[in-house]
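In my numbering, the protein residues as written are -4 to 296.
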């Protein structure tokens, strides 16, 4: 699908490298900023066109991708005064790659289809590092025909997984966020306990790595962040907190109790309130370290 026209709205921490991946794959990319123009200028230097605003992006595109923080920003990008829905031709495929509530996603789908447009939700996992290499995990909610049409575009940014109809991409992404938010808390709580009890952290990690408590965050994320003395993003705590809030709202709507996730949300919220919202979500460890009176680190950090 070389030279296929793809619009990208929201060239942020994730959006900029995702749009760059589309350029490398040979797509004709038109972009506009959500809040910061610097990434747009960098993408234009790589060969993208500047659409000016979402409507301008849509006028130039057969596919329009939105990648913005939350549902209100998706609403503005699609249906605002200069929204993409106002500039898109009938049959344009809109792909929302934000992480938002599946309830909002299905409402957007209905409104876009009423205007003759097609829609997929395709949130991603893998962070900025995998966005840069085009190896994101992509969870896609769509009908079969729309998924088939959009698949080559999505494959330029990672591995698309068709998980059901519209809204199910967001459901599966929120499942991931529920797991990582709780797993991070469990890891931090356990390692703080280990340090306070006098255990060697390196030895503990080595043993747990081959035991039933092993998990990706413990073995790959924490040694490069908290245990190395850093809370640089990573994945911003406030973004995870936003995702967890969407999961909790959805759970309430369908009657699913989530007491562990509710507690995790409060811990992340307290940490954000202390000024760490833009830090990596490992910064929640500072509450545990402060309360236990111990600093948890690997050796030689």
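Even glycine gets a Cβ: it sits at the ideal position worked out from N, Cα and C.
Cβ contact annotation for residue 173 (same chain, cutoff 6 Å, sequence separation greater than five): 242, 256, in chain order.
In this structure, residue 212 and residue 182 form a Cβ contact; the two beta carbons are roughly 6 Å apart against a cut-off of 8 Å. Contact holds between the stretch 22 to 42 and the stretch 2 to 12, because three or more Cβ pairs, one in each stretch, are under 8 Å apart.
Separation of the CB atoms of residue 293 and residue 218 is rounded to 6 Å, and the pair is thereby assigned contact status at 8 Å. Comparing C-alpha distances from residue 96 to each of 196, 223, 116 shows the shortest one belongs to 116. For residue 93, no pairing in a beta bridge is given by DSSP.
Between residue 0 and residue 20, the gap from beta carbon to beta carbon reaches 8 Å or more.
Boundaries of the beta strand (DSSP E) around residue 116: 113 to 116. Here residue 272 is near residue 233, since their CB atoms are less than 8 Å apart.
Residues of the same chain with a CB within less than 8 Å of the CB of residue 69, apart from the 5 flanking positions on each side, are 61, 63, 91, 93, 95, 99, 103 in chain order.
When DSSP reads this structure, residue 120 sits in a beta bridge with 132.
Sequence-distant Cβ neighbours of residue 162 in its own chain, meaning closer than 6 Å and more than five residues away, are 97, 100, 101, 136.
DSSP places residue 22 outside both helix and strand once states are collapsed to three, so it counts as coil. Look at the beta carbons and you see the stretch 123 to 139 not touching the stretch 182 to 193: under three pairs across the two are nearer than 8 Å.
Of the other Cβ atoms in all chains shown, 16 or more fall within 10 Å of the Cβ of residue 46; this residue is therefore buried. Secondary structure note for residue 202: its alpha helix (DSSP H) is the uninterrupted segment 196 to 203.
Scanning 126, 140, 122, 123 for the CA closest to the CA of residue 114 turns up 140. Collapsing the DSSP output to three states places residue 153 in a strand.
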